[in-house]
Every structure is written in C-alpha cells, then in structure tokens.
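Going line by line, the protein sequences match chains A and B. Note that the first sequence covers residues 10 to 330 in the numbering used here. Note that the second sequence covers residues 65 to 375 in the numbering used here. Beta carbons: idealized from backbone N, C-alpha and C, even for Gly.
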Amino acid sequence: MDISTKLLTMLLAILLFVAVVGLMLFIAGRTERRSASIVGYVFLFPSIIMVSVGLLYPAVRTIFQSFFDAAGKAFVGLDNYQTIFTSSDDLLVLRNTVLWVVVTPFVATAIGLLYAILVDGARGEAFAKSLIFLPMAISMVAASIIWKFVYEFRPDQPGVRQIGLLNQVVVWLGGSPQQWIVNSPWNTFFLIVVMIWIQAGFAMTILSAAIKAIPEDIIEAARLDGVTAIGMFRFVTLPSIRPSVIVVLTTIGIGTLKVFDVVRTMTGGNFNTNVVANEFYTQSFRASNQGLGSALAVLLFVLVVPIVVYNVRQLRASEAR
Amino acid sequence: MSTVTPQVDLTPEERAALARKSSSAGRAASIARKKATSPVASAIAVALAVLWTIPTFGLLLSSIRPEKAIKTTGWWTFFSDPQVTLDNYKTVLSTEGASGLGSFFVNSFVITIPAVLIPICLAALAAYAFAWIDFRGRNFLFVLVFALQIVPLQVALLPLLTMYVKAGLGGTFWTLWLSHSAFALPLAIFILHNFMKEIPKELIEAARMDGAGHVKIFFRVMLPLLTPALAAFGIFQFLWVWNDLLVALTFASDNTVVPLTVALANLSGTRGTAWHLLSAGAFISIIVPVAVFISLQRYFVRGLLAGGLKG
C-alpha cells in the first residue's frame with residue numbers, strides 16, 4: 010500500500026464516520042419532537058455499542074477463557090491460575106511485578122515531590138518543570154531505547170572504549186564495566202529506573218498544583234511559629250497535599266502494574282526480568298496459550314481493583330473531612 | 065497580627081485588601097528567604113534536571129554522529145572531536161529498505177488521526193446525554209461506563225483479535241481505529257461529562273425555553289463552551305495512540321499498517337546495536353509528541369490532571 014492509498018483509506022474512514030454520526034443526529038432531531046428522552050438513547054447508542062463490543066464482551070469472554078486449556082477447547086478449572094502461582098517461571102514473574110509496583114510509585118513520587126518543592130517559586134520554574142515532564146510525553150519504546158543506550162556495555166578490553174554513559178562513569182571512577190540489563194537480579198532495578206524517569210514528571214505536575222493550592226495563611230501561621238523547613242514539610246505541606254499524594258501513588262501503581270513496553274523493548278522479558286503484562290503478551294500471542302494468557306490478563310484486572318478501591322475510599326474520606 | 069496593628073474603622077473590603085497585601089509581602093519574603101538559605105536546594109534541583117535530561121541529550125547528539133564514531137566512542141567525545149552527519153536521518157526516513165522507517169511514520173499518522181476524532185465525537189454526544197438528558201437507565205449506564213475505566217485493556221485483546229479475524233478485518237487499519245476508540249471512550253465520556261456538568265443549568269434551560277432541541281443545544285451551546293475540554297482530551301488521546309505499543313503489536317500483524325513504535329521496537333530487538341539507526345529513529349518518533357507537548361502544554365497538563373493515566 011503506498012502513501013496516497015493509506016491517506017485515502019483514512020479519509021474514507023473519517024467520512025464514513027461523519028456520515029454515521031450525521032445520520033444519528035438526523036434521527037435524533039426527528040424523534041425529538043415526540044419524546045426528549047429518546048434523544049438520550051440515540052446520543053448514547055454508538056458509545057454503548059462500542060464499549061460493549063470492544064471492552065465489556067471481550068472482558069467477560071477472557072474471564073471465561075481463563076478456565077480453559079491452551080487451545081480454548083477443554084475446561085480445566087483453576088489449572089491456569091494454579092500454574093501462575095506454582096511454576097517457578099511464573100513465580101519469578103510475580104516477584105518482579107511486585108518489585109516494580111512497590112518501588113516505582115514511591116521513588117517516582119518522592120522525586121516528583123522533592124523537585125516540585127525545590128523549584129516552587131524559583132526563577133524559570135516552568136522551564137525546570139518541563140525538563141522533568143518531557144519523558145512523560147514520549148513513548149515508552151523511545152524511553153527504553155534512550156536508557157538502553159545509557160546502559161550499553163562494551164567488553165573491558167584494551168583499545169575498546171565504552172559508549173554507554175553509565176559504564177563510562179564507572180570506568181572513570183576506576184571500576185569495571187557491567188552488563189546492567191543482563192545481570193540478574195539487579196537488572197530489574199535498572200529497568201525500573203526507566204519507569205521512574207517517565208513517571209516522576211507526572212507526580213511532579215500533580216503535586217506541584219497541590220502545593221500551590223495550600224492556603225497562604227496556614228504557611229504564614231506556621232512560619233510565625235518558627236517552624237523549620239523540615240517541620241514545615243512534615244506538619245504543613247505533607248498533610249495538606251496528602252490526598253494528591255495518594256492519587257499519584259495509586260495512579261503510578263496501576264500504570265506500573267501493566268508495564269509492558271519497557272520490559273519488552275529492553276530485555277524482551279529475558280534475563281529474569283519478565284513481568285505479568287509481558288508474560289500475558291507472550292503466552293497469548295507468541296506461545297498461543299489462550300488459557301494461561303487469559304488467566305494472566307484476569308490477574309492484572311484483579312490486582313488493579315484493590316488499588317482503585319483504596320483510592321476511591323481515600324478520596325471519599327478526604328472529601329468528608 | 066491584630067495586636068500589633070489594631071485594625072479599627074476598616075470596612076471588610078479594606079481589611080481584605082490589607083490581608084492580601086500582607087500575604088503577598090509574606091510570599092515575597094518567603095521567596096527571598098528561600099533564595100538566601102538554599103544553595104543546597106538549588107544544587108539538588110539542578111542535579112535532578114541534568115540527570116533527567118542527559119540520557120535524551122546523549123541519544124540526540126549520537127543521532128547526528130557518523131555510524132563509525134557512535135560505535136567506537138561515547139557521545140561525549142563529540143565535544144573534543146565534533147563530526148556531524150545527517151546520513152542516519154536519511155537512512156531512517158527513507159521509505160525503502162529494511163531500515164527505512166518513513167512508511168511507518170506515515171502509518172502512525174493514519175492510525176492516530178481517526179483514533180482521536182472518533183472517540184471525541186462519540187464521547188461528546190454520550191457525555192451530553194448523561195449530563196443533560198433525562199431517560200430511564202441513565203444512572204445504571206453511567207456507572208457501567210465509569211466502572212469500565214478500570215478494566216485493563218489486556219483483558220479485551222484476545223477475544224477482540226478473534227472477532228476482527230472472523231469479521232475479515234484482520235491486519236487492517238480498522239482494527240486499530242476501532243480498538244483505540246473503544247478503549248478511549250470510558251475515560252473520554254467521564255472527563256467530558258465532568259466538564260459539561262460545570263456549565264450552568266440556566267443556560268441549557270433558557271435554550272430549552274426558546275424551543276431549541278437537544279441537537280441544537282449540543283451544537284450551538286455546548287460545543288463552543290467545551291472546546292478547551294475537547295482539546296485537552298484530544299491531545300491526551302493523540303499522545304496515547306501515537307505512543308502505544310501493545311494495541312498495535314496485537315492487531316497490526318500486517319507490515320503495511322505497523323506504526324512507528326512497533327517498527328522501532330522491532331528494530332531494537334533485531335538490530336539492538338545499530339545505534340545510528342536507533343538514535344535517529346527514536347528521535348523521529350519523539351519529535352511529534354514533543355512538538356505537541358510544547359505547543360499545547362497547558363491543555364496537556366489539564367488533561368492529565370483531569371484523567372490521570374490510562375491503559
């Protein structure tokens with residue numbers, strides 16, 4: 010397919026879509042005189058259809074499929090789930106996922122918060138913030154390539170020079186270069202660094218907005234009481250922005266739970282760095298194990314729920330106060 | 065404070081003005097104090113900023129160095145031995161050859177534009193219905209759509225792929241347009257609904273009194289007021305689709321529809337040491353979202369604050 014054909018296809022798709030929406034609006038306008046509530050159904054119709062067919066039905070289908078074997082034919086009960094929690098490969102996958110979800114949100118939020126406080130009210134604040142925020146706008150594939158280059162390893166031989174920044178720094182400090190993304194178990198942490206690099210900007214943006222919303226008189230009162238900078242952070246800033254901190258932690262936690270791009274691009278899940286989302290992709294689309302793939306997808310869903318429930322509860326509590 | 069300067073005979077307005085003045089003086093003082101006491105804080109901030117920028121900078125610099133230089137020396141040697149070439153970009157941008165990414169760049173646009181337009185239009189209609197039209201089952205449907213936000217899209221991929229193949233759509237752009245639209249709808253409806261609820265009720269009621277129907281109100285009253293919200297979500301969705309790997313990897317089995325992210329990931333997998341191609345390729349994929357981000361930063365941040373992270 011050449012470029013013009015592609016653009017033409019795209020144009021046709023958009024025109025088709027516009028025609029469908031136009032037809033709907035026409036129907037809505039016609040039926041409106043009889044009953045206003047019908048318009049509601051007409052407006053909702055395409056969204057409900059798309060969400061039902063594209064999200065709701067497949068989700069139910071996946072839950073169903075997770076109780077069947079690799080080919081999706083024979084009922085196997087909870088065997089797939091048993092595999093996830095007993096096979097040594099999958100236990101490693103679970104361990105890594107726990108590491109990701111525990112480390113990433115806290116470190117990214119801590120760095121984001123620290124930076125937000127440091128640059129608050131400083132000259133060039135907007136520019137300083139966009140430097141940290143920029144990784145958030147690019148794809149995780151590009152971010153992974155950027156970091157793979159930082160971690161690049163060249164054998165420690167005379168005449169061979171390091172081209173990765175991290176190894177060069179190690180060499181400058183008198184150490185010997187390491188294969189950062191190959192050597193287990195620390196390689197998982199070097200992958201997590203990439204996610205922290207991406208998410209810190211998100212944490213900073215939200216927390217910075219929360220810090221600026223703290224009423225001036227509270228800060229003033231604390232200052233008149235002679236509170237130190239650290240005391241100010243502990244007793245004024247942190248309690249005031251607590252709801253935002255929880256939102257940031259849980260949001261990054263959910264995003265990290267589903268991390269796929271970074272692991273796939275950097276190691277492909279090799280060298281003991283595999284995580285649930287990558288194993289889901291491998292089982293579903295590479296190993297053609299529908300049952301296990303579905304069970305892993307359901308596991309992701311099940312793990313997201315408690316985080317969301319906690320988040321909603323905390324929000325309710327802070328609103329009630 | 066009142067013990068120091070007894071404020072008698074002041075109207076509330078004057079008092080408020082005074083308070084504002086003293087608080088702005090307080091802020092100025094606090095900034096001054098911060099500047100005076102925190103060279104350490106500034107140093108940490110600068111160190112973090114450098115740490116966050118230098119990985120990207122290193123790759124950007126590498127992308128304009130000759131292949132041989134990239135592979136034998138670190139990018140920092142550029143400062144002692146500057147060699148500049150555009151060959152990497154020429155190779156990567158060509159639509160010919162195994163390492164040309166040009167056609168994938170086009171694919172990314174072809175995928176992204178409808179995948180942004182379709183959900184925005186549909187979500188705006190649905191959000192209007194939820195916000196301003198009374199009909200039976202409204203609350204139930206709204207809770208349903210709201211709850212679907214938390215469903216990880218992983219649970220939908222396998223059955224969707226089967227459905228597409230059965231419908232004869234396998235490997236076409238349609239799989240990506242439809243999937244991205246469906247996945248975006250719950251969040252889009254939620255965000256736009258929140259914005260619409262903030263529009264004063266009187267405005268809608270006055271229009272209804274004048275005999276305007278919902279279709280007319282939607283176009284004449286809502287859409288103009290909603291432009292910032294639509295822009296915020298539009299940018300959010302644009303970046304999401306442009307940067308997506310998982311959905312494209314699942315459905316774009318045919319090389320003619322593969323977007324840049326997948327092509328780049330494949331290049332990184334098969335030619336992981338071809339840094340002259342990877343660096344230039346990564347930059348071509350970065351340039352579009354970064355341009356969008358820089359030019360529309362305000363909307364982007366607003367969308368982020370409203371919707372958090374999707375996926």
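Contact list for residue i against chain B, beta-carbon separation under 9 Å
| i | result |
| --- | --- |
| Leu16(A) | Val170, Phe173 and Val174 |
| Ile23(A) | Ile177, Pro178, Leu181 and Ile182 |
| Ala286(A) | Pro216, Gln218 and Leu310 |
| Gly183(A) | Residues of chain B passing the Cβ test: none, with the nearest at roughly 17 Å. |
CB of residue i within 8 Å of CB of residue j, strictly
| i | j | result |
| --- | --- | --- |
| Ser46(A) | Ile197(B) | yes |
| Ile154(A) | Leu303(B) | no |
| Thr159(B) | Ser172(B) | no |
| Val257(A) | Ile201(A) | no |
| Tyr290(A) | Ala109(B) | no |
| Ser343(B) | Leu123(B) | yes |
| Ala28(A) | Pro178(B) | no |
| Phe269(A) | Leu310(B) | yes |
| Ile190(A) | Ala113(B) | no |
| Ala312(B) | Thr325(B) | yes |
| Leu251(B) | Ser293(A) | no |
| Ile147(A) | Glu161(A) | no |
| Arg170(A) | Thr149(B) | no |
| Pro114(A) | Gly262(A) | yes |
| Leu267(B) | Val285(B) | yes |
| Trp156(A) | Pro119(B) | yes |
| Gly345(B) | Leu331(B) | yes |
| Val254(A) | Thr106(A) | no |
| Leu53(A) | Ala190(B) | yes |
| Gln299(A) | Ala83(A) | no |
| Phe315(B) | Leu249(B) | no |
Partner residues on chain A for residue i, Cβ-Cβ distance less than 8 Å
| i | result |
| --- | --- |
| Pro292(B) | Near Pro292(B) there are no residues of chain A at all, since even the closest Cβ is about 17 Å away, more than 8 Å. |
| Leu123(B) | Ile154, Ile155 and Phe158 |
| Leu332(B) | It should be noted that the sequence gives Ser, not Leu, for residue 332(B). Neighbours of Ser332(B) on chain A, chain order: Val150, Ser153, Ile154, Lys157 and Thr274. |
| Ile350(B) | Ile147, Ser148 and Ala151 |
| Ser127(B) | Chain A residues near Ser127(B): none, gap ~10 Å exceeds 8 Å. |
Backbone secondary structure at residue i - three-state DSSP
| i | result |
| --- | --- |
| Phe77(A) | strand |
| Phe54(A) | helix |
| Phe84(A) | strand |
| Val326(B) | helix |
| Arg42(A) | coil |
| Asn320(A) | helix |
| Ala135(A) | helix |
| Val148(B) | coil |
| Ala190(B) | helix |
| Ile147(A) | coil |
| Asn171(B) | helix |
| Asp318(B) | coil |
| Asn303(A) | The displayed chain sequence assigns Ser, not Asn, to residue 303(A). Helix. |
| Asp98(A) | helix |
| Ala338(B) | coil |
| Leu165(B) | coil |
Contact list for residue i against chain B, beta-carbon separation under 8 Å
| i | result |
| --- | --- |
| Ser56(A) | Leu186, Ala187, Leu189, Ala190, Val209, Leu249 and Ile253 |
| Gly240(A) | The contacting residues do not exist; Gly240(A) stays about 14 Å from chain B at best. |
Closer than 7 Å at the beta carbon, the chain B residues around residue i
| i | result |
| --- | --- |
| Trp156(A) | Pro119 |
| Phe294(A) | Thr314 |
| Ser303(A) | Leu222 |
| Val317(A) | Ile214 |
| Arg70(A) | Pro223 |
Partner residues on chain A for residue i, Cβ-Cβ distance less than 9 Å
| i | result |
| --- | --- |
| Pro146(B) | Within chain A, no residue comes near Pro146(B); the closest Cβ sits about 16 Å away, beyond 9 Å. |
Any non-hydrogen atom of the ligand GTP within 7 Å of residue i CB
| i | result |
| --- | --- |
| Ile190(A) | For the ligand GTP, the structure offers nothing, since it holds no ligand at all. |
Interface partners of residue i on chain A, CB under 7 Å
| i | result |
| --- | --- |
| His340(B) | Those within 7 Å of His340(B) in chain A number zero; the least Cβ separation is about 11 Å. |
Review point. Which runs of the alpha helix (DSSP H) spanning at least 4 residues fall entirely within the segment 231-291 of chain A, listed in chain order?
Key: With a minimum length of 4 residues, the continuous alpha helix (DSSP H) runs that stay inside the segment 231-291 of chain A are 238-241, 247-266, 270-275 and 285-290.
Exercise for review: Please go through the segment 153-235 of chain A and give each complete alpha helix (DSSP H) segment of 4 or more residues, from N-terminal end onward.
Suggested key: 174-181, 195-221 and 225-233
Practice item. Could you tell me whether the segment 309-317 of chain A touches the segment 193-206 of chain A, where touching means 3 or more Cβ pairs closer than 8 Å? Key: no
Practice item. Spell out a yes or no on whether the segment 240-254 of chain B and the segment 180-191 of chain B are touching, meaning 3 or more CB-CB pairs, one atom from each, closer than 8 Å. Key: By the criterion of at least three beta-carbon pairs nearer than 8 Å, the segment 240-254 of chain B is in contact with the segment 180-191 of chain B.
Exercise for review: Could you tell me whether the segment 318-325 of chain A touches the segment 229-237 of chain B, using the rule of 3 or more Cβ pairs below 8 Å?
Suggested key: no
Review point. Are at least three pairs of beta-carbons, each pair with one atom in the segment 303-310 of chain A and one in the segment 63-75 of chain A, less than 8 Å apart?
Key: yes
Review point. Could you give the uninterrupted runs of the alpha helix (DSSP H) lying entirely in the segment 239-316 of chain B, keeping only those of 4 residues or more?
Key: 265-273, 278-281, 287-307 and 310-315
Check your understanding: For the segment 249-261 of chain B against the segment 90-102 of chain A, are there 3 or more C-beta pairs whose distance is under 8 Å?
Key -> These segments do not touch.
Check your understanding: Looking at C-beta atoms only, is the number of pairs between the segment 181-191 of chain A and the segment 117-136 of chain A that lie closer than 8 Å three or more?
Key -> no
Review point. Three or more beta-carbon pairs under 8 Å between the segment 138-156 of chain A and the segment 347-363 of chain B, yes or no?
Key: yes
Check your understanding: How about the segment 240-253 of chain A and the segment 208-220 of chain A: do they share at least three Cβ pairs that are nearer than 8 Å?
Key -> yes
Exercise for review: Output the residue ranges of the alpha helix (DSSP H) runs that lie fully inside the segment 194-246 of chain B and measure 4 residues or longer, sorted by chain position.
Suggested key: 202-212 and 218-230
Review point. Whole alpha helix (DSSP H) runs in the segment 107-137 of chain B with 4 or more residues, listed along the chain?
Key: For the alpha helix (DSSP H) assignment, the uninterrupted runs of no fewer than 4 residues enclosed by the segment 107-137 of chain B are, from N- to C-terminal side, 131-136.
Exercise for review: Pair every Cβ in the segment 92-109 of chain A with every Cβ in the segment 279-289 of chain A, then say whether three or more of these pairs are closer than 8 Å.
Suggested key: yes
Check your understanding: At which residue ranges does the segment 15-42 of chain A contain complete beta strand (DSSP E) runs of 3 or more residues, listed in the order of the chain?
Key -> none
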